[in-house]
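Novice: So that we are looking at the same thing, I have put the structure below in structure tokens.
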Amino acid sequence: MNPLILKGVRPYGEGDPTDVLIRDGVIAAIGSVEAEDAEVVEGNGAVLLPGFVDLHTHLREPGREDTETIATGSAAAALGGYTAVFAMANTNPVADNEVVVQHVARRGREVGLVDVHPVGAVTVGLEGVKLAELGTMARAGVRVFSDDGHCVHDPLIMRRALEYSKALDVVVAQHAEEPRLTVGAQAHEGEQASRLGLQGWPAAAEESIVARDCLLALHAGARLHVCHVSTTGTADVLRWAKARGTDVSAEVTPHHLLLTDERLETYDPVNKVNPPLRTAADVHKLREALAEGVIDCVATDHAPHAVQDKDCEWSAARPGMLGLQTALSIVVETMVRTGLLDWRGVARVMSERPAEIAGLPDQGRPIEVGEPANLTLVDPDATWTVRGAEFASIAVNTPFEGMELPGAVVATLLRGRVTAVGGRIPA
Ligand code: DOR
Ligand code: ZN
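Take the sequence shown: its letter number 99 is residue 488 in this note's numbering, and every next letter is one higher.
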């Protein structure tokens with residue numbers, strides 16, 4: 390592989406444009422760099438960040454390759470600025486055993502556009518009844534376990550999962566939803582749901598599980614990660630738990646940082662997601678909590694669905710939204726343009742914290758000589774219009790269709806190799 394020069398880039402958006410030389414997958418020099426045989430990517434003053442890490446991606450392979458494959462999802466990730474993604478376990482068959490997780494990891498390596506880390510299921514078949522073979526999967530390289538899509542609702546199973554995760558030095562990521570409180574739920578429980586005649590999904594169904602799990606994690610001396618935080622109350626619980634020394638981390642999705650349940654007015658199922666879109670007050674609070682570090686990071690919950698599963702009546706539609714190719718722009722819109730985060734902050738929530746939470750040694754690293762060249766180049770001044778049909782994903786269920794968004798990924802580098810540039814995957 391030839392050396393590569395990123396010309397005229399601004400690490401973390403700070404200082405004057407400089408040049409970065411990448412050789413053998415590593416940052417070899419920053420400043421005045423020279424290499425005769427180097428390939429050049431023109432930065433034009435773009436912001437250089439550590440490559441993004443997504444702790445929460447649904448790639449749908451195996452089982453629903455009509456909506457996304459590891460190849461198409463990896464392309465979407467690279468185009469979105471990601472260098473590592475965690476592929477959720479709710480595939481068919483479920484990733485609750487060594488064979489499936491090894492298959493996902495191998496396909497990810499073959500595609501080679503992004504590091505694909507399989508998430509292992511916590512319970513067999515995501516049924517919440519019997520613990521899966523966490524040890525076997527951990528030995529196969531699994532770092533994160535989750536029944537996402539389902540909550541590990543049985544407190545004894547959750548307690549055991551946390552105890553094992555501690556012994557195995559892995560992390561359990563909880564989809565916090567007390568199922569007894571969300572039977573038939575279709576939308577955030579509140580004024581809007583009542584008006585529209587949709588059965589409510591109460592904030593307390595999330596908050597009560599997060600509170601319980603924080604207490605269980607503290608009791609077990611284990612680490613807990615909370616998926617897609619969606620309410621003010623959950624942010625309050627996390628602040629309380631962290632203050633008393635609980636080893637808990639949390640993520641928020643781009644859609645929960647921007648959209649509210651006012652979007653449900655049209656009954657368009659593109660807005661159906663689990664947990665549901667909440668109120669403007671929640672959105673405001675989630676942004677603040679992310680800026681403060683009470684919520685650690687952004688994760689997409691990229692959830693491709695087939696047209697027939699989204700273009701139908703509300704109650705029959707599946708929950709979920711595409712996220713990989715819009716995440717950065719939504720973060721720019723909600724966190725950077727509002728002054729809540731600078732580019733160092735974006736690096737923290739999109740790359741450094743997720744890499745730390747999952748224990749990835751070569752992602753989310755500082756932009757320094759000697760560090761692996763997992764990098765994302767962002768044009769902060771670009772604007773673009775979202776067209777789901779143009780995404781690399783097979784599915785088109787983006788709630789941001791037609792929106793003009795700020796900030797664009799110029800290039801993504803995985804160990805020094807260009808995996809996306811100018812909105813294209815290089816041949
Ligand atoms: O909206 C969602 N979609 N939430 C989940 O928890 C699961 C996901 C999916 O798999 O489609
Ligand atoms: Zn979930």
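Using N, Cα and C, we set each Cβ at its ideal position, and we do this for glycine too.
(1) Looking at the unbroken alpha helix (DSSP H) that takes in D698, where does it start and where does it end?
(2) When you measure from the CB of G538 to every non-hydrogen atom of the ligand ZN, does any distance come out below 7 Å?
(3) By Cβ distance, which residues of its chain are closer than 7 Å to G530, with the 5 residues on each side in sequence left out?
(4) Looking at L520: is its Cβ nearer than 8 Å to the Cβ of R549?
(5) Taking only runs that begin and end inside the stretch 425-484, name each unbroken beta strand (DSSP E) of 3 or more residues, in chain order.
(6) For a minimum of 4 consecutive residues, which ranges assigned as the alpha helix (DSSP H) are wholly contained in the stretch 574-636?
(7) Whose C-alpha, out of V541, G579, V561 and E580, is nearest the C-alpha of P568?
(8) How about E566 and I546: do their beta carbons lie closer than 8 Å?
(9) Look at G805 and V415 and say whether their C-beta atoms are less than 8 Å apart.
(10) Which one of M390, S619, G753 and I394 has the shortest CA to CA distance from V735?
(11) Please say whether G509 and H539 have beta carbons closer to each other than 8 Å?
(12) Any heavy atom of the ligand ZN within a distance shorter than 7 Å of the CB on D690?
(13) Of the choices G404, D426 and E431, whose alpha-carbon is the least far from that of V810?
(14) Find the nearest neighbour of N479 within the set P439, S535, T623 and V758, judged by alpha-carbon distance.
(15) Relative to the C-alpha of H608, which candidate in E578, L551, A466 and D650 has its C-alpha closest?
(16) Less than 7 Å separating the Cβ of R707 from some heavy atom of the ligand DOR?
(17) With a threshold of 8 Å, are at least 3 pairs of Cβ atoms found where one atom belongs to the stretch 672-679 and the other to the stretch 401-408?
(18) Hey, is the stretch 451-468 in contact with the stretch 744-759, meaning 3+ C-beta pairs nearer than 8 Å?
(19) Is it buried or exposed for G610, if we count other Cβ within 10 angstroms and need 16 for buried?
(20) Measure how close the beta-carbons of T765 and V775 come, nearest whole angstrom, since I'm counting them as under 8 Å.
(21) Mark G796 as exposed unless 16 or more other C-beta atoms lie within 10 angstroms of its C-beta, in which case mark it buried.
(22) Taking the alpha carbon of A784 as the reference point, which residue from W773, R707 and N391 has its own alpha carbon closest?
Specialist: If we stick to the structure as given:
(1) V696 to K699
(2) yes
(3) Excluding five sequence positions before and after G530, the CB atoms of its chain that fall closer than 7 Å to its own CB belong to A494, given in chain order.
(4) In contact: L520 and R549 (Cβ atoms closer than 8 Å).
(5) 428-439, 441-446 and 471-476
(6) 580-585, 592-609 and 621-632
(7) V541
(8) Contact flag unset, no.
(9) yes
(10) G753
(11) no
(12) yes
(13) E431
(14) S535
(15) L551
(16) yes
(17) no
(18) no
(19) exposed
(20) No, T765 and V775 are not in contact; Cβ-Cβ is about 19 Å, not under 8 Å.
(21) Its Cβ being crowded by 16 or more others within 10 Å, G796 is buried.
(22) The shortest C-alpha separation from A784 is found at R707.
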